[in-house]
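Just so you know, the sequences run in chain order A and B. Numbering that gives the first Met the number 0 applies: residue 0 is where the first sequence begins, and numbers increase by one. Numbering that gives the first Met the number 0 applies: residue 0 is where the second sequence begins, and numbers increase by one. Working notes, structure below.
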Amino acid sequence: MSEIDQLRGEVLAAVTAASDVPALENVRVDALGKKGRVTGLMKNLGTMSPEDRKTFGQQLNLLKTEIEDAITARRATLDSAALDAKLATEKMDVTLPVRPELKGSLHPISQTMDEMAAIFGAMGFTIAEGPDVEDDFHNFTALNFPPGHPAREMHDTFFLPTAPDGNRYLLRTHTSPVQIRTMLSEKPPIRVIIPGRTYRCDYDMTHTPMFHQIEGLVIDTETNMTHLKGCLQEFVRSFFGVDDLTIRFRPSFFPFTEPSAEMDIGCSRQGGELKIGNYGDWLEILGCGMVHPNVLKSCGLDPEVYQGFAFGMGVERVAMLKYGIPDLRTFFESDLRWLKHYGFAALDVPSLTGGLNR
Amino acid sequence: MKFTLSWLKSHLDTSATVDEISAKLTSIGLEVDALHDPGKALSSFIVGHVLEADKHPNADRLKLCKVSTGTETLQVVCGAPNARAGLKVVLARPGDVIPESGEKLKKGKIRDVESQGMMCSTRELKLGEDHDGIIELPESAVVGTPVTTVLNIDPVFEINLTPNRVDALGVRGVARDLAAAGLGTLKPLNDGAVKGTFPVSRKIAMRLPADQSFKCPQFAGRTVKGVKNGPSPAWMQDRLKAIGLRSVSALVDITQYINIDLGRPIHAFDDEKLKGDVGPRLATDGETLPALNGKTYTLDSSMVVIADDANAVGIGGIMGGEPTSVGDGTTTIFIESAWFDPSNIAATGRKLEINSDARYCFERGVDIASAVQGVELTTRMVMELCGGEASELVVGGQAPAAFKPVAFDPARVAKLGGVSVPNAEIKNILERLGFTVATGNPWQVTPPSWRSDVTVWQDLVEEVLRIYGYDNIKAEPMPRAVPQKPALNAKQRLVGNVRRTLATRGLAETVTWSFLSKNHAELFANGGTLVPLANPISSDLDILRPSVVPNLIAGAGRNAARGLHDSNLFEIGPRFEGFKPGEQMLMAAGVRSGHTSQRHWAGTRRPVDAMDAKADALAALEAAGVSSSGIQTGVGPKEGTPEWLHPGRSGTLKQGNQIFAWFGEVHPRVLQALDVKGPVVAFEVAIDRIPDAKKGKGGTARTLLKASPYQPVDRDFAFVVDAAVSAETMLKAVRNAERELVTNIGLFDVYEGPNVGVGKKSVAITVTLQSKDATLTDEQIEAVAKKIVAAVEKVGGQLRG
Numbered sequence: 000m001s002e003i004d005q006l007r008g009e010v011l012a013a014v015t016a017a018s019d020v021p022a023l024e025n026v027r028v029d030a031l032g033k034k035g036r037v038t039g040l041m042k043n044l045g046t047m048s049p050e051d052r053k054t055f056g057q058q059l060n061l062l063k064t065e066i067e068d069a070i071t072a073r074r075a076t077l078d079s080a081a082l083d084a085k086l087a088t089e090k091m092d093v094t095l096p097v098r099p100e101l102k103g104s105l106h107p108i109s110q111t112m113d114e115m116a117a118i119f120g121a122m123g124f125t126i127a128e129g130p131d132v133e134d135d136f137h138n139f140t141a142l143n144f145p146p147g148h149p150a151r152e153m154h155d156t157f158f159l160p161t162a163p164d165g166n167r168y169l170l171r172t173h174t175s176p177v178q179i180r181t182m183l184s185e186k187p188p189i190r191v192i193i194p195g196r197t198y199r200c201d202y203d204m205t206h207t208p209m210f211h212q213i214e215g216l217v218i219d220t221e222t223n224m225t226h227l228k229g230c231l232q233e234f235v236r237s238f239f240g241v242d243d244l245t246i247r248f249r250p251s252f253f254p255f256t257e258p259s260a261e262m263d264i265g266c267s268r269q270g271g272e273l274k275i276g277n278y279g280d281w282l283e284i285l286g287c288g289m290v291h292p293n294v295l296k297s298c299g300l301d302p303e304v305y306q307g308f309a310f311g312m313g314v315e316r317v318a319m320l321k322y323g324i325p326d327l328r329t330f331f332e333s334d335l336r337w338l339k340h341y342g343f344a345a346l347d348v349p350s351l352t353g354g355l356n357r
Numbered sequence: 000m001k002f003t004l005s006w007l008k009s010h011l012d013t014s015a016t017v018d019e020i021s022a023k024l025t026s027i028g029l030e031v032d033a034l035h036d037p038g039k040a041l042s043s044f045i046v047g048h049v050l051e052a053d054k055h056p057n058a059d060r061l062k063l064c065k066v067s068t069g070t071e072t073l074q075v076v077c078g079a080p081n082a083r084a085g086l087k088v089v090l091a092r093p094g095d096v097i098p099e100s101g102e103k104l105k106k107g108k109i110r111d112v113e114s115q116g117m118m119c120s121t122r123e124l125k126l127g128e129d130h131d132g133i134i135e136l137p138e139s140a141v142v143g144t145p146v147t148t149v150l151n152i153d154p155v156f157e158i159n160l161t162p163n164r165v166d167a168l169g170v171r172g173v174a175r176d177l178a179a180a181g182l183g184t185l186k187p188l189n190d191g192a193v194k195g196t197f198p199v200s201r202k203i204a205m206r207l208p209a210d211q212s213f214k215c216p217q218f219a220g221r222t223v224k225g226v227k228n229g230p231s232p233a234w235m236q237d238r239l240k241a242i243g244l245r246s247v248s249a250l251v252d253i254t255q256y257i258n259i260d261l262g263r264p265i266h267a268f269d270d271e272k273l274k275g276d277v278g279p280r281l282a283t284d285g286e287t288l289p290a291l292n293g294k295t296y297t298l299d300s301s302m303v304v305i306a307d308d309a310n311a312v313g314i315g316g317i318m319g320g321e322p323t324s325v326g327d328g329t330t331t332i333f334i335e336s337a338w339f340d341p342s343n344i345a346a347t348g349r350k351l352e353i354n355s356d357a358r359y360c361f362e363r364g365v366d367i368a369s370a371v372q373g374v375e376l377t378t379r380m381v382m383e384l385c386g387g388e389a390s391e392l393v394v395g396g397q398a399p400a401a402f403k404p405v406a407f408d409p410a411r412v413a414k415l416g417g418v419s420v421p422n423a424e425i426k427n428i429l430e431r432l433g434f435t436v437a438t439g440n441p442w443q444v445t446p447p448s449w450r451s452d453v454t455v456w457q458d459l460v461e462e463v464l465r466i467y468g469y470d471n472i473k474a475e476p477m478p479r480a481v482p483q484k485p486a487l488n489a490k491q492r493l494v495g496n497v498r499r500t501l502a503t504r505g506l507a508e509t510v511t512w513s514f515l516s517k518n519h520a521e522l523f524a525n526g527g528t529l530v531p532l533a534n535p536i537s538s539d540l541d542i543l544r545p546s547v548v549p550n551l552i553a554g555a556g557r558n559a560a561r562g563l564h565d566s567n568l569f570e571i572g573p574r575f576e577g578f579k580p581g582e583q584m585l586m587a588a589g590v591r592s593g594h595t596s597q598r599h600w601a602g603t604r605r606p607v608d609a610m611d612a613k614a615d616a617l618a619a620l621e622a623a624g625v626s627s628s629g630i631q632t633g634v635g636p637k638e639g640t641p642e643w644l645h646p647g648r649s650g651t652l653k654q655g656n657q658i659f660a661w662f663g664e665v666h667p668r669v670l671q672a673l674d675v676k677g678p679v680v681a682f683e684v685a686i687d688r689i690p691d692a693k694k695g696k697g698g699t700a701r702t703l704l705k706a707s708p709y710q711p712v713d714r715d716f717a718f719v720v721d722a723a724v725s726a727e728t729m730l731k732a733v734r735n736a737e738r739e740l741v742t743n744i745g746l747f748d749v750y751e752g753p754n755v756g757v758g759k760k761s762v763a764i765t766v767t768l769q770s771k772d773a774t775l776t777d778e779q780i781e782a783v784a785k786k787i788v789a790a791v792e793k794v795g796g797q798l799r800g
């Protein structure tokens, strides 16, 4: 056995035997360090004949590489074992409850309005808004409520005291004044929906002094009652998620529409439980009609040229119907339990692509 | 309004069933609100014939009857004293549900004798109160037929009348509408003139000034003498009671009846209590009148009274006077039937707060041609039921002018309604409703005297459509614009972002009233105008809110009372700043109370503080399109911090001079006044103050990202400054020291304590440097560091050794 073979055998055995990283480092220094055994043999090369030097030099280089590889491999093994040993001591009880995070929610009124915006938006409506404090003209007169007319009294209006400008303003009793503002500021064709807060001086089981309405207004030269029916049929079918929901128009009266209608949707009241669908019974859902010529005239539109429809409904009421919320008054109580139970996830944005029924 | 089936049939010849009538009423716009039909429960009950009635073998008071059903004979045990052979009775058989008890009748044994049926009393059928014996049907009743054809069962309809349809305030108007809709034939009304046999003793005195005569243009009357007042006949009492009215006496009942029958208010005076001529005049200011309802009213000169030569004897068109009213001893009456101006009646009724049937009719517009007709019908009915002799008719003034014809192009039915109805059918419908149609070009359609609500051609379209049937209007899709435009404008979209962003931050959205109590409002007025309501629903909801926060704090307080001490609430809604439309601002507001979370093992819970509110406000602003890098924090009232916040732990967020938001701990005194336990932090973002985003020139394209490929370098600095120097001042100094190479600045430590001296603090800032062009050299880094130190020195900071 040559000197090199013997060295190889000894060093490789030492590498394998090294039980930890420092021991391995000792082996490395002992073999490949400045005073190491391989290094020592390298130093002798200078004294050899050129021929011997070549042969012996190659063998030494091979040995050096072999030892380096062995050390690297051993090091990896030792590192891995050391990590395993360390990990074996690192334990946590992952069954612990996570650090608490707050979960917010959206109010059903907001979600319902977003659903409505998605449906009507697809039909080409945009959203119009207006002030809560209104004047008599926009809230009544322009909407064809003549002064002193009994229909005005039915509105239970909240009034403000006489303002510094001598006028007496009021809280809008419906979102309809925004119809007037829209017609006064925009030229037909008009397609808007108007969501917002409305106020009536009434407070009992089924009335709150503040509630929300959403109205629609379409003005052009061709829209007729079949479009009104088509628009609302599409709306209730999408909104309630009943593809073949039947609707019924009944003649009715509103000062600002002529002809006027109330719309019913199919339902069932069997066993005291209200279900929406074609079960033979009817549920009144909204009022609508063709915009009254006096309203068009108030807005400077010629009723012999322009025509269109308007509709309106209570947001809380349809939200209650859709989501089975039993009591109107609870909408405004800020009860966290209610808000979490009937509310909606922050990122659950209703859309036609993602669906409208949670 | 309410009426019974028999009452309707007194005007309408029809074979339609109750359900058919009900459905048709709803479909023509006279919505049936309620239908009370006691006959429905009795459909299986039949006429029985008592063949034998013997004593029950085991009971003295019971009888054992044999009752024929026409096809078989049943044995029935009965306790009624009037059960006897030969009687026709209402027979319930096993399986029938007895209306009073709601229980199904079963065969059974009574005192050991089988009973196979039951003979019923009025009360058991819920047709009345009588329970003294079983119902005795007329001899002519056919055995075995349903009792509903024999019993006097009169279903009651209640319709929800829309305010325009004064023509249907009377039963006859309803009948007319049904006839027009093809559900029968209207019977003729016996309203011809009653011949007077003596001249009336008093004249009609039309005493209204000429310019106000429109308030009561026509007044008709007549004396009937020798009448005998007493109870009204049973049929009239039944009808009045069925619709919830009280029967008083024949004379009073007749006026009530005519009012319901025709929608035509009538008044009857005791003629002997009137002094001289009678007619309308203006009340004098302060004039008083004791009215029929027992109250005395003080009148003014805008109101019309009916007056004789001495006194006001009635509030015209609203209520008669007590002193001249008819009573049991009345033998001569004066019948009054007039026409009053609707808006004056409405105004008078409102002022006096009287809601009478007469007011209800007149303020909606009674048939303009019905004054004389009303007298004639009343006279005839009085003479029929109370006897007497009628005077000649006296009439003052003129009925209002007939309605003007409406120009009508029948093609409008299709244009507006979207339904093609043949012209002949259009004409026919209008004529059936009483309109006069002249078919020129355009048509001239004159409304009948009872349709004051029809004034424009659109009204005629509705008349045609409601009779033709709204069900015949098809549902057509609306034409759609392509490409689709967004429904929301930029601001509406951003408000939606704010809403959902705040919800992702753990806040629960709520909706609270736009009003609050004066006490709460004053705490949050902050020097601004408080806008009260003139007629609040209650004293704790009497001011329009000057801030959204108080209602949220109140909500947190209510939750705490329920044991939920950590409230995290937000609301997006208006605050009110003035009396006029538009003097309001859309706010996104939120409160957090108690701790950041419930207690937990990691122990990171802490009480909420102003920084939580600031973070919420910044997140809301960012969601609303305001980059947080351009936002400065304002401190103190001069910077717009509201006084309802803690003076030392609050601030505002602004860009230039525009204050977008305020945040902080709610002032402990405010919390005390609201009776809510702290800590509570709050923020409000004034969304309406945020300017609309400017559209970039590149459309939707973003500016190109220039990410540097070179190594960034972090450098940390610690400065000692006066404690009063704000962090933002120092950060601003650092930022302005070097804008090119500094890509990020962080503040990672604030220390106040013995090591830095009294009134001082140490602030540690980290800065990231990076060049777009090359790896930074030590010299470059050193130069930036020097600039930063110099800049901070200028604001009072010393680099810590």
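C-beta atoms are modelled at their ideal positions from N, C-alpha and C, and glycine is treated no differently. Being a predicted model, the structure only gives us computed values, none of them experimental.
Exercise. Since A:Q212 contacts A:T174 with CB under 8 Å, what's their CB separation in whole angstroms?
Worked result: As a first step, residue 212 of chain A is located in the first sequence; it is residue number 213 there, counting from the start. As a first step, residue 174 of chain A is located in the first sequence; it is residue number 175 there, counting from the start. A:Q212 to A:T174, Cβ: 5 Å. Contact.
Exercise. Hey, is the segment 433-447 of chain B in contact with the segment 353-363 of chain B, meaning 3+ C-beta pairs nearer than 8 Å?
Worked result: no
Problem set entry | Boundaries (first-last residue) of the alpha helix (DSSP H) holding B:Q457 | Residue numbering aside, residue 457 of chain B sits at position 458 when the second sequence is read from its first letter. Note, B:Q457: alpha helix (DSSP H), W456 to Y467.
Exercise. If you run the structure through DSSP and keep just helix, strand and coil, what is B:W234?
Worked result: Counting from 1 along the second sequence, the entry for residue 234 of chain B is found at position 235. If DSSP states are grouped into helix, strand and coil, B:W234 belongs with the helices.
Exercise. What residues of chain B sit near A:C414, judged by a beta carbon separation below 7 Å?
Worked result: No answer is possible for residue 414 of chain A: it lies beyond the span of chain A, which begins at 0 and ends at 357.
Exercise. Can you list, in chain order, the residues of the segment 82-104 of chain A whose Cβ is nearer than 8 Å to any Cβ on chain B?
Worked result: L95, P96, R98, P99, E100, L101, K102, G103 and S104
Exercise. Taking Cβ to Cβ, would you say B:V625 is nearer than 8 Å to B:I689?
Worked result: Position 626 of the second sequence, counted from the first residue, corresponds to residue 625 of chain B. Position 690 of the second sequence, counted from the first residue, corresponds to residue 689 of chain B. A contact, by the Cβ cut-off of 8 Å.
Exercise. At a Cβ threshold of 8 Å, is A:E204 touching chain B?
Worked result: The residue labelled residue 204 of chain A in the question sits at position 205 within the first sequence. Rather than Glu, the amino acid found at residue 204 of chain A in this sequence is Met. No - not a single Cβ of chain B is within 8 Å of the one on A:M204.
Exercise. What residues match up with B:H48 in a beta bridge as DSSP calls it?
Worked result: Counted from its first residue, the second sequence places residue 48 of chain B at position 49. In the DSSP output, where bridge partners are listed per residue, B:H48 has B:S67 and B:K87.
Problem set entry | Where the alpha helix (DSSP H) through A:I118 begins and ends | Position 119 of the first sequence holds residue 118 of chain A. P107 to A121 is the span of the alpha helix (DSSP H), which, as asked, contains A:I118.
For this session: With distances taken Cα to Cα, identify the nearest neighbour of B:P667 among B:L620, B:G602, B:S592 and B:T651.
Result: One-based indexing of the second sequence puts residue 667 of chain B at position 668. Considering only alpha carbons, the answer is B:S592.
Problem set entry | Within 8 Å, strictly: CB atoms of B:A736 and B:I787 | In the second sequence, counting from the first residue as 1, residue 736 of chain B sits at position 737. In the second sequence, counting from the first residue as 1, residue 787 of chain B sits at position 788. Contact flag set, yes.
Exercise. Under 8 Å between C-beta atoms, does B:F575 make it to chain A?
Worked result: Within the second sequence, the letter at position 576 stands for residue 575 of chain B. Closer than 8 Å: yes.
For this session: Starting from A:M204, follow the beta strand (DSSP E) in both directions and report where the run begins and ends.
Result: For the purposes of this step, residue 204 of chain A is identified with residue 205 of the first sequence, where counting begins at 1. Counting along the chain, A:M204 falls outside any beta strand (DSSP E), and DSSP gives it neither H nor E.
Exercise. Once you ignore the five residues that flank A:T222 on each side, which residues in its own chain have a CB closer than 8 Å to its CB?
Worked result: What you label residue 222 of chain A is simply residue 223 of the first sequence in a count that begins at 1. Q306, G307 and F308.
Problem set entry | Identity of the residues DSSP links to B:D748 by a beta bridge | Position 749 of the second sequence, counting from 1, holds the residue named residue 748 of chain B. Per DSSP, B:A763.
Problem set entry | Whole-angstrom distance between B:E475 and A:D242, CA atom to CA atom | Here residue 242 of chain A corresponds to residue number 243 of the first sequence, with the count starting at 1. Here residue 475 of chain B corresponds to residue number 476 of the second sequence, with the count starting at 1. Between A:D242 and B:E475, the C-alpha separation is close to 16 Å.
For this session: Starting from B:T72, trace the alpha helix (DSSP H) both ways and give me its first and last residue.
Result: In the second sequence, the residue the question calls residue 72 of chain B occupies position 73. Where B:T72 is concerned, there is no enclosing alpha helix (DSSP H), although the beta strand (DSSP E) it sits in stretches over T72 to C77.
Exercise. How do the segment 122-138 of chain A and the segment 335-342 of chain A stand: do at least 3 beta-carbon pairs fall below 8 Å, yes or no?
Worked result: no
Problem set entry | Boundaries (first-last residue) of the beta strand (DSSP E) holding A:L282 | Taking the first sequence and counting its residues from 1, one reaches residue 282 of chain A at position 283. From DSSP, the beta strand (DSSP E) with A:L282 extends over D280 to V290.
Exercise. CA-CA distance, B:T321 and B:Y296?
Worked result: On the second sequence, position 322 is the one that residue 321 of chain B refers to. On the second sequence, position 297 is the one that residue 296 of chain B refers to. Residue identity differs from the one stated: residue 321 of chain B is Glu in this sequence, not Thr. In a straight line, the C-alpha of B:E321 is about 11 Å away from that of B:Y296.
Exercise. Where DSSP assigns a beta bridge to B:F716, which residues make up the other side?
Worked result: Counted from its first residue, the second sequence places residue 716 of chain B at position 717. Note: B:F716 sits in a beta bridge opposite B:I764.
For this session: Pick helix, strand or coil for B:C360, following the three-state DSSP scheme.
Result: As a first step, residue 360 of chain B must be located in the second sequence, where it is residue number 361. If DSSP states are grouped into helix, strand and coil, B:C360 belongs with the helices.
Problem set entry | Interface positions of the segment 222-248 of chain A facing chain B (Cβ-Cβ less than 9 Å), listed along the chain | T222, N223, M224, T225, H226, L227, K228, G229, C230, L231, Q232, E233, I246, R247 and F248
For this session: Could you tell me whether any Cβ in chain A is nearer than 8 Å to the Cβ of B:Q671?
Result: Locating residue 671 of chain B in the second sequence gives position 672, counting from the first residue. B:Q671 does not count as touching chain A.
Exercise. Are the CB atoms of A:Q178 and A:L227 nearer to each other than 8 Å?
Worked result: Indexing the first sequence from 1 puts residue 178 of chain A at position 179. Indexing the first sequence from 1 puts residue 227 of chain A at position 228. Not a contact, by the Cβ cut-off of 8 Å.
Exercise. What in chain A is Cβ-close to B:S26, meaning under 7 Å?
Worked result: As a first step, residue 26 of chain B is located in the second sequence; it is residue number 27 there, counting from the start. Those within 7 Å of B:S26 in chain A are R249.
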